[in-house]
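Colleague: First the structure, which I've put down as structure tokens, then a few questions once you've had a look.
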Amino acid sequence: MGIYLPIAEISVNVFVLLAMGAAVGFLSGMFGVGGGFLITPLLIFYNIPPAIAVATGANQVIASSVSGVLSHMKRGTLDFKLGGVLLAGGIIGSTAGIYVFAFLRRLGQLDLFISLLYVVLLGTVGGLMLVESINALRATRSGAAPVLKKSGQHNWIHRLPLKMRFRASKLFVSVIPVLGLGAGIGFLSSIMGVGGGFIMVPALIYLLKVPTNVVIGTSLFQIIFTSAYTTLVHATTNQTVDVVLAFLLMAGGVAGAQYGAKAGQRLRGEQLRALLALLVLAVAIRLAIDLFVTPPNLYSLSSAGLN
Amino acid sequence: MAGPKAFAAAILLPLLATGAPAKAQTPLTEGIQIGLSTDNVSITAGFSGADLTIFGSLENPDPLVARQGRYDVIVVLEGPPKPVVVRRKDRVLGVWVNLDSETFENVPVSYSVATTRPLQDITEPNSYKQLSLGASNLYMQPADAGDSPATIEEFTAALRERKGAAGLYSENVGGVQFLSQNLFRATVRLAPNVPVGTHKARAFLFKSGLFIKESSAQLEIRKSGFEQSIFRVAHDYSFLYGVFAISLAMLTGWLGRLIFRKD
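Here it is, written out as structure tokens:
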């Protein structure tokens, strides 16, 4: 069944979009990522103009994150205090990011920059997570007691001042790296049009040593607000948020997210991390191929008004 | 919802009256008329392209020429002109990067042609050029005329090729059919991504390969009620629209949790 999208100005298939939303929602519920890094490339592959894909992707991420956060709240795997501090940093970061976005767009190389950023970030994050989780899996299998958080072994981050206690995360850490992490992710997410979960999750686990189960709920909580902010900015400056498109993706997404969260509970932390790493790497490789393989068409058209 | 599949249009000018007395004198010059039954087409939620039918008539056709099939009609539906940037990717350190670009002014967003016969059978390439008729003869005005002609030519060709691939520039050979000696029907294709705005329908009459006359009519393509409202709100009240989009997302997330909860 076809439907005409009022902002994107093209006809699309309703079921393709619902399925796309459901698949991404499932993964987002399972891994605690908003799914922006999946939905945006998928929409672009489906011929939605990139500017609309980015803005609408951010909008749909809100829905799946709300849905996911609610189930984490029920299980108590959400650290509001940690999420709040991350969010404060995130707002500062994304405000800065929006100016950089506008600047890159004027230069006319925004698409390339976004792709490179995706490939580098997803590749690095995915690669590191994969190596770590495989080591963890191997250690478990060889019978050795799983070396969880070596709580005695603190890195430089834990020597910074302005310490704050995050009870739900069993964490006593300086607010500086937390704010900085929030700001850095806010910055990247406004440029890349994603919630930033795929960076947030590993950063909380590996840099701040937050327990994996708390990380997912907290990351989703933070993503709700970062994507809401991104959506609002895109809606007011570029008019590129397509609510019809977003709603179709959301409808599939929220259903998928609940099933995903359930499936995620059955997996152990390191298994979950290994799978997320593989997913992240797969997207990175797919995008890298596009950068290096000769495109079927060297020429592209764009309306002159946009740049 | 099924989109409107065909928009029948008719202005039939019965021109049979001039009749016998005129026959002996110098033949009257032929003319052409087209008309649209509607001057606007609405794109609804189910729109997936459509065929637009345009009816038209010849004035004072020479019955002999008509019988021999030496009248040809070309009907064009041209979308609103817009500036377009054509970019070319080149390899830099193994990565494909948009390097060169060329901006063209006033490029018709869409251009659908319907003809009685293949274009090359109707008249000489030169007359098409003079009339600026057919996608390959449209003059694309480069914004920066200082670029080398070879570059401009290359990007112009790429522009036509991309528009054709997107279904926006199309050709329907045999899309114009004579229903009688002076009545014809043209079917032009509206692509699913047909741009909104004022489109111009033009009909060209040829007699034995010679251009005789042209006639035109205007057609407004717009989004219908719901789509149009969303588009307008998104542009006129963008902040409220953004807030609405966020609220809708939060509500959907919450409802989804209520309906699909698995724990």
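Chains as they are written, first to last, in this note's numbering: chain A, 2 to 308; chain B, 67 to 329.
C-beta: ideal position from N, C-alpha, C; glycine also.
Is there a C-beta anywhere in chain A that falls below 8 Å from the one on residue 316 of chain B?
Modeller: The sequence position of residue 316 of chain B within the second sequence is 250, counting from 1. Closer than 8 Å: yes.
Colleague: Pull out every residue of the stretch 222–241 of chain A whose Cβ sits closer than 7 Å to any Cβ of chain B, in chain order.
Modeller: 229, 232, 233, 236, 237, 240
Colleague: Tell me whether the beta-carbon of residue 174 of chain B lies closer than 8 Å to the beta-carbon of residue 199 of chain B.
Modeller: To locate residue 174 of chain B, count along the second sequence from 1; it is residue 108. To locate residue 199 of chain B, count along the second sequence from 1; it is residue 133. No, the pair does not count as a contact, with Cβ atoms beyond the cut-off.
Colleague: My output table needs one value for residue 210 of chain B: the three-state DSSP class, helix, strand or coil.
Modeller: By 1-based counting over the second sequence, the position of residue 210 of chain B is 144. Coil at residue 210 of chain B, not helix or strand.
Colleague: Name the DSSP bridge partner or partners of residue 167 of chain A?
Modeller: Stepping through the first sequence from its first residue, residue 167 of chain A is reached at position 166. Paired residue(s): A/172.
Colleague: Determine the closest residue to residue 65 of chain A out of A/228, A/189, A/45, with distance taken between C-alpha atoms.
Modeller: Stepping through the first sequence from its first residue, residue 65 of chain A is reached at position 64. Considering only alpha carbons, the answer is A/228.
Colleague: Using beta carbons (cut-off 8 Å, strictly below), is residue 110 of chain B in contact with chain A?
Modeller: As a working mapping, residue 110 of chain B is identified with position 44 in the second sequence. Chain A, which has a Cβ nearer than 8 Å to the Cβ of residue 110 of chain B, makes this yes.
Colleague: DSSP state of residue 284 of chain B, grouped into three classes?
Modeller: Taking the first residue of the second sequence as 1, we reach residue 284 of chain B at position 218. Looking at residue 284 of chain B - three-state DSSP - the assignment turns out to be strand.
Colleague: Which residues in the same chain have their Cβ closer than 8 Å to the Cβ of residue 252 of chain A, if we skip the five residues on either side of it in sequence?
Modeller: Within the first sequence, residue 252 of chain A is the residue found at index 251, counting from 1. Once the five neighbours on either side are set aside, the close Cβ partners of residue 252 of chain A are 19, 22.
Colleague: Looking only at its chain, what residues have a beta carbon closer than 8 Å to the beta carbon of residue 102 of chain A, apart from the 5 residues adjacent to it on each side?
Modeller: Against the first sequence, residue 102 of chain A aligns to sequence position 101. 111, 191, 192.
Colleague: With respect to the beta strand (DSSP E) encompassing residue 165 of chain B, which residues constitute its N-terminal and C-terminal limits?
Modeller: The residue you call residue 165 of chain B lines up with position 99 of the second sequence. Looking at the DSSP string, the run of the beta strand (DSSP E) that includes residue 165 of chain B is 161–174.
Colleague: Report the three-state DSSP secondary structure of residue 6 of chain A (helix, strand or coil).
Modeller: Here residue 6 of chain A refers to the residue found at position 5 when the first sequence is read from its first residue. Residue state, collapsed to three classes: coil.
Colleague: Along chain B, in chain order, which residues have C-beta atoms closer than 9 Å to that of residue 119 of chain A?
Modeller: On the first sequence, residue 119 of chain A is found 118 positions in, with the first residue counted as 1. Those within 9 Å of residue 119 of chain A in chain B number zero; the least Cβ separation is about 13 Å.
Colleague: Measure the Cβ-Cβ separation of residue 91 of chain A and residue 223 of chain A and say whether it is below 8 Å.
Modeller: Here the question's residue 91 of chain A lines up with position 90 in the first sequence. Here the question's residue 223 of chain A lines up with position 222 in the first sequence. Contact flag set, yes.
Colleague: In chain B, which residues lie with their C-beta within 7 Å of the C-beta of residue 292 of chain A?
Modeller: The residue you call residue 292 of chain A lines up with position 291 of the first sequence. Those within 7 Å of residue 292 of chain A in chain B are 161, 162.
Colleague: Can you name the residues that DSSP bridges to residue 147 of chain B?
Modeller: One-based indexing of the second sequence puts residue 147 of chain B at position 81. Residue 147 of chain B is bridged to B/174.
Colleague: Straight-line CA distance for residue 13 of chain A to residue 242 of chain A?
Modeller: For the purposes of this step, residue 13 of chain A is taken as the residue at position 12 of the first sequence. For the purposes of this step, residue 242 of chain A is taken as the residue at position 241 of the first sequence. So the alpha carbons of these two residues sit roughly 16 Å apart.
Colleague: Quick one: Cα of residue 231 of chain B to Cα of residue 151 of chain B, how far?
Modeller: Counting from one through the second sequence, the residue named residue 231 of chain B turns up at place 165. Counting from one through the second sequence, the residue named residue 151 of chain B turns up at place 85. The alpha-carbon of residue 231 of chain B is positioned some 16 Å away from that of residue 151 of chain B.
Colleague: Can you find the residues in the same chain that come closer than 6 Å, C-beta to C-beta, to residue 257 of chain B, ignoring five residues on each side of it along the sequence?
Modeller: In the second sequence, counting from the first residue as 1, residue 257 of chain B sits at position 191. Take residue 257 of chain B, set aside five residues on each side of it, and the residues of its chain with a beta-carbon closer than 6 Å to its own are 115, 233, 234, in chain order.
Colleague: On the DSSP bridge list, what partners appear for residue 253 of chain B?
Modeller: For the purposes of this step, residue 253 of chain B is identified with residue 187 of the second sequence, where counting begins at 1. Paired residues: B/119.
Colleague: What's the C-alpha gap between residue 115 of chain A and residue 135 of chain A?
Modeller: Translated into the one-based positions of the first sequence, residue 115 of chain A becomes position 114. Translated into the one-based positions of the first sequence, residue 135 of chain A becomes position 134. So the alpha carbons of these two residues sit roughly 29 Å apart.
Colleague: Going by C-alpha to C-alpha distance, which of B/316, B/287, B/243, B/261 sits closest to residue 104 of chain B?
Modeller: Start at 1 with the first residue of the second sequence, and residue 104 of chain B comes out as number 38. Ranking B/316, B/287, B/243, B/261 by Cα distance to residue 104 of chain B puts B/287 first.
Colleague: Quick one, are the C-beta atoms of residue 175 of chain A and residue 215 of chain A less than 8 Å apart?
Modeller: Within the first sequence, the letter at position 174 stands for residue 175 of chain A. Within the first sequence, the letter at position 214 stands for residue 215 of chain A. In this structure, residue 175 of chain A lies away from residue 215 of chain A, with their beta-carbon atoms at least 8 Å apart.
Colleague: In its own chain, which residues sit with a C-beta less than 6 Å from the C-beta of residue 84 of chain A, not counting the 5 before and 5 after it?
Modeller: In the first sequence, residue 84 of chain A corresponds to position 83, counting from 1. Here the set comprises 219, 222, 223.
Colleague: Buried or exposed: residue 100 of chain A, going by 16 or more other Cβ atoms within 10 Å of its Cβ?
Modeller: Indexing the first sequence from 1 puts residue 100 of chain A at position 99. Answer is exposed; the Cβ neighbour count stays below 16.
Colleague: Are the stretch 275–294 of chain B and the stretch 185–201 of chain B touching, with three or more C-beta to C-beta distances below 8 Å?
Modeller: Taking 8 Å as the limit for Cβ pairs, the verdict is that the stretch 185–201 of chain B does touch the stretch 275–294 of chain B.
Colleague: With 16 other CB atoms within 10 Å as the buried threshold, where does residue 237 of chain B fall?
Modeller: Here residue 237 of chain B refers to the residue found at position 171 of the second sequence. Looking at its Cβ environment, which holds 16 or more other Cβ atoms inside 10 Å, residue 237 of chain B is buried.
Colleague: Chain A beta carbons: is any one of them nearer than 8 Å to that of residue 293 of chain B?
Modeller: Numbered from 1 along the second sequence, position 227 holds the residue referred to as residue 293 of chain B. Yes, residue 293 of chain B lies at the interface with chain A (some Cβ there is under 8 Å from its Cβ).
Colleague: Count the CB pairs spanning the stretch 210–225 of chain B and the stretch 286–296 of chain A that are closer than 8 Å, and state whether there are at least three.
Modeller: no
Colleague: For a test of the three-state rule: what should DSSP assign to residue 46 of chain B, helix, strand or coil?
Modeller: With chain B running from 67 to 329 in the structure shown, residue 46 of chain B is simply not present.
Colleague: Of the residues that make up the stretch 4–19 of chain A, which ones have a beta carbon closer than 9 Å to any beta carbon in chain B?
Modeller: Residues of the stretch 4–19 of chain A with a C-beta less than 9 Å from any C-beta of chain B: 4, 5, 6, 7, 8, 10, 11, 12, listed in chain order.
Colleague: Looking at the C-beta of residue 327 of chain B, does it have a partner C-beta in chain A at a distance below 8 Å?
Modeller: Locating residue 327 of chain B in the second sequence gives position 261, counting from the first residue. The beta carbon of residue 327 of chain B sits closer than 8 Å to some beta carbon of chain A.
Colleague: To which residues does DSSP link residue 243 of chain B through a beta bridge?
Modeller: If you number the second sequence from 1, residue 243 of chain B lands on position 177. B/251.
Colleague: Can you give the Cα-Cα distance for residue 326 of chain B and residue 266 of chain A, rounded to whole angstroms?
Modeller: To locate residue 326 of chain B, count along the second sequence from 1; it is residue 260. To locate residue 266 of chain A, count along the first sequence from 1; it is residue 265. Distance between the alpha carbons of residue 326 of chain B and residue 266 of chain A: 16 Å.
Colleague: 8 Å is my cut-off, CB to CB: does residue 296 of chain B come that close to chain A?
Modeller: Reading the second sequence from its first residue, position 230 is the one you call residue 296 of chain B. Proximity of residue 296 of chain B to chain A, defined by a Cβ-Cβ separation below 8 Å, is satisfied.
Colleague: Going by the DSSP bridge assignment, what does residue 219 of chain B pair with across the sheet?
Modeller: If you number the second sequence from 1, residue 219 of chain B lands on position 153. Looking at the DSSP assignment, residue 219 of chain B forms no beta bridge with any residue, so it has no partner.
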